Structure formats: C-alpha cells, structure tokens
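Residue numbers (this note's numbering): 48 to 244.
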C-alpha cells in the first residue's frame, strides 16, 4: 500500500514509525564499505575497459580525431577528481527533481548531498541514490565513443572511480529494496532512516 500524499513529503504521516536506521560512517561499516568498494571497481574495470578495447579493435568509427589523444597527467587527474563533486551534484539534482531542497556538505573527508527533514518514497530515494552511478556511467561510456583512446582512458578511470565510490549508494539501495514500496526514507548526512506503517 502506498501513501496518497501528492508532492514532496516533509512530515512523517501519523501511522508511520521508524523500522530501520543505518549510519554509513559507523566504524566497522565504513571499513567494510571501503573494502567492498573493490567489487564495483573490479566489475567496472572489466566492463569499461573491455568495451573500450572492443570498440577500438573494431576501428572506433565515431572517434573525432581532431581531439587530443593525450592529456597532461595533472589534467587527467583533475578530470578524475572532478567526479567527486559531480557525483554529489547529481544527487542534489535528483533531490531537487523530486521536490526537496538540497544541502551540500563535507564531513569526515566525504562530500555529501542531503535534504534536511525530507522524506522520500522508496522510488524517489532510489532515483536520488542511483542517479550519479547511472548518469556518470552512461555519459562516460557515450563520451568514450567519440574521443581518442588516450583521452578515453581518463574518462574510463573517472567512470570506474565513480562506480567504486558509489558503494555507499549501492549498499543503501540494497537495504531499501528489502522493504515494501510504501516505506518512507529520511536521508541524513551519513546514513538513513526507514519508516513504515
């Protein structure tokens, strides 16, 4: 059963109560999430570089050869590091799309985007949580079709680092998916609360 409120939810309905709390920055959890981030990194290395290799073996027909093949190391590293704020900006963009106000911050050497006091339907929360992984991966893969191999490698590294860094998003997604679609989720700087009726 889903709630009948239309538009963004800012107050917990009276028949809802907290059924789960998860803090990503808990000492043990944070350690294991960092260890687990190797899984999406390895997975994406094989997919991204596999696709890139297959594309260039096939002749890379869409590559714009007027673009530079190589980037200076500092510029390539800057490109990869720009993924961090872009990732959080995309969370914020998705938060705004579902009708809430976004707040960006920095805590424990981690950037974050959240919506203070907002309650998300499960579908909305999944959109917010997965937006950076999906958008950066798809845009990165499309861009790699048009740039020479040397430049495409930097984009591939950025896509892979984003996938690896999305481990918290993937973890929260796996937790939220265990609950009925009628739950409400309150996003916090370093975790989430799930409410059900």
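C-beta atoms are modelled at their ideal positions from N, C-alpha and C, and glycine is treated no differently. Only a predicted model underlies this, so the values are computations on that prediction, with no experimental measurement involved.
Q. Are the beta-carbon atoms belonging to residue 213 and residue 99 less than 8 Å from one another?
A. no
Q. How many angstroms separate the CA atom of residue 225 from the CA atom of residue 241?
A. 11 Å
Q: Can you give me the start and stop residues for the alpha helix (DSSP H) that residue 143 sits inside?
A: 130-144
Q. Which word fits residue 221, buried or exposed, when buried means at least 16 other C-beta atoms lie within 10 angstroms of its C-beta?
A. exposed
Q) Rounded C-beta distance between residue 168 and residue 217? I'm assuming under 8 Å. A) No, residue 168 and residue 217 are not in contact; Cβ-Cβ is about 19 Å, not under 8 Å.
Q | When 204, 170 and 197 are compared against residue 219, the one with the closest alpha-carbon | A | 170
Q. Whose C-alpha, out of 158, 107, 58 and 82, is nearest the C-alpha of residue 197?
A. 107
Q.
Below 8 Å, how does it come out for the stretch 173-193 and the stretch 59-79: are there three or more Cβ pairs, yes or no?
A. no
Q) Going by DSSP, which residues form a beta bridge with residue 162? A) None, per the DSSP bridge assignment.
Q) Do residue 207 and residue 120 have their CB atoms nearer than 8 Å? A) no
Q | residue 48, DSSP secondary structure in three states | A | Summary for residue 48: the model assigns pLDDT 49, below 50, so the residue's position carries little reliability; its value from the coordinates is reported in the next sentence. Here residue 48 sits in coil by DSSP.
Q) What are the start and end residues of each continuous beta strand (DSSP E) run of 3 or more residues lying completely inside the stretch 51-110, in chain order? A) 64-70
(Q) Pull the bridge partners of residue 231 from the DSSP assignment, please. (A) 168 and 242
(Q) Using a 10 Å radius around the Cβ and a threshold of 16 neighbouring Cβ atoms, would you call residue 209 buried or exposed? (A) buried
(Q) Measuring alpha carbon to alpha carbon, tell me which residue in 110, 204 and 82 is nearest residue 131. (A) 204
Q | Contact set for residue 211: own chain, Cβ-Cβ below 6 Å, skip 5 residues either direction | A | 84, 87 and 88
Q) Quick one, which of 158, 172, 125 and 165 has its alpha-carbon nearest residue 148's? A) 165
Q.
At the level of alpha carbons, what is the spacing between residue 223 and residue 102?
A. 36 Å
Q) DSSP on residue 226, reduced to helix/strand/coil? A) coil
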